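For reference, the structure discussed in these notes is given below.
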Amino acid sequence: MRTVIPMEVPEGFMKAKFWFAAAIALLAGEVALAQDLHTVVLELDPRDQNPSSSLTLSLNGAKSPPAHFVLKARVGDQIRWKAITSSEDEGDVRITRIQYLSGPRIFSKDLITGNSALQATVIRGGNAPYVYKIHFALDDQSKEEVITSRIQILQ
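Letter by letter, the sequence shown follows residues 1371 to 1525 of my numbering.
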């Protein structure tokens, strides 16, 4: 026959174990709800007679023509748009505004304006993609060109 000797648990051990578990749970929740910053880069070759034909959009270095570009984001994420030329000494390109076209209204405004890099925070979701126009200008020309792109909000 075996004799079992009860061990004493030090006072405060269970309380410390509880607080450690609570801290881990809170940290995991914060990581799960972390907001991301997505930077969409519009790149074009200003030497091209029709600069829109050489235009690409990229996210994390993966380039795509605007018609095939879909950004996937979540509520709370921030989206930044910036423009560059394919050659630094070939002029200046700037995004003048982002304009809502169709789908759920995921931003607080239908028209996002600014001087160079534009940014907005996703405030609500939806099932259909958010479709928008990117207005941009080359050098100091007042003429603007427009392309269409999409954002899909993940649930």
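Glycine included, C-beta positions come from ideal geometry on N, C-alpha and C.
This one's a predicted model, so the numbers in the text were calculated from it and none came from an experiment.
Where residue i sits in the DSSP three-state scheme
{"i": "Ala-1592", "result": "This structure leaves residue 1592 out entirely; the chain is present only between 1371 and 1525."}
{"i": "Ser-1457", "result": "coil"}
{"i": "Ala-1507", "result": "strand"}
{"i": "Ala-1437", "result": "helix"}
{"i": "Ser-1472", "result": "strand"}
{"i": "Ser-1428", "result": "strand"}
{"i": "Ser-1478", "result": "coil"}
Pair within 7 Å by beta-carbon distance, residue i and residue j
{"i": "Val-1474", "j": "Gly-1446", "result": "Per the sequence shown, the amino acid found at residue 1474 is Pro instead of Val. No."}
{"i": "Gly-1431", "j": "Leu-1508", "result": "no"}
{"i": "Glu-1515", "j": "Ser-1457", "result": "no"}
Nearest residue (CA-CA) to residue i, options the options
{"i": "Lys-1442", "options": "Pro-1416, Val-1492 and Asp-1462", "result": "Val-1492"}
{"i": "Phe-1439", "options": "Gln-1525, Ser-1519 and Ile-1523", "result": "Ser-1519"}
{"i": "Tyr-1500", "options": "Leu-1488, Leu-1508, Ile-1468 and Val-1516", "result": "Ile-1468"}
{"i": "Lys-1452", "options": "Leu-1407, Ser-1472 and Ala-1498", "result": "Leu-1407"}
{"i": "Ser-1472", "options": "Pro-1435, Asp-1415, Ala-1498 and Ile-1504", "result": "Ala-1498"}
{"i": "His-1505", "options": "Asp-1415, Thr-1466, Asp-1480 and Ile-1521", "result": "Thr-1466"}
Inter-residue spacing [alpha-carbon to alpha-carbon] between residue i and residue j
{"i": "Tyr-1470", "j": "Asp-1418", "result": "28 Å"}
{"i": "Lys-1433", "j": "Leu-1427", "result": "6 Å"}
{"i": "Tyr-1485", "j": "Thr-1455", "result": "Strictly speaking, residue 1485 in this sequence is Asn, with Tyr absent from that position. Taking the straight line joining both Cα atoms gives about 16 Å."}
{"i": "Ala-1402", "j": "Ile-1476", "result": "Here the model assigns Ala-1402 a pLDDT of 49, short of 50, so the residue's position is not dependable and the matter cannot be decided."}
{"i": "Arg-1444", "j": "Leu-1412", "result": "21 Å"}
{"i": "Ile-1523", "j": "Asn-1420", "result": "32 Å"}
{"i": "Gln-1405", "j": "Thr-1373", "result": "56 Å"}
{"i": "Tyr-1502", "j": "Leu-1481", "result": "10 Å"}
{"i": "Pro-1435", "j": "Asp-1415", "result": "13 Å"}
{"i": "Arg-1494", "j": "Leu-1488", "result": "19 Å"}
{"i": "Ile-1321", "j": "Thr-1483", "result": "There is no way to answer for residue 1321, as the model of the chain reaches only from 1371 to 1525."}
{"i": "Ala-1490", "j": "Gln-1448", "result": "6 Å"}
{"i": "Ser-1478", "j": "Ala-1437", "result": "25 Å"}
{"i": "Asp-1459", "j": "Gln-1525", "result": "42 Å"}
Supposed contact pair residue j and residue i - C-beta distance, whole angstroms, cut 8 Å
{"i": "Leu-1429", "j": "Ile-1517", "result": "Contact doesn't hold; Cβ gap of about 15 Å is too wide."}
{"i": "Arg-1464", "j": "Thr-1409", "result": "Actually they do not touch by this definition, with Cβ atoms about 15 Å apart."}
Residue-level contact to chain B via CB, residue i, 7 Å cutoff
{"i": "Ala-1432", "result": "The question asks about chain B, but that chain is absent: this structure has only one protein chain."}
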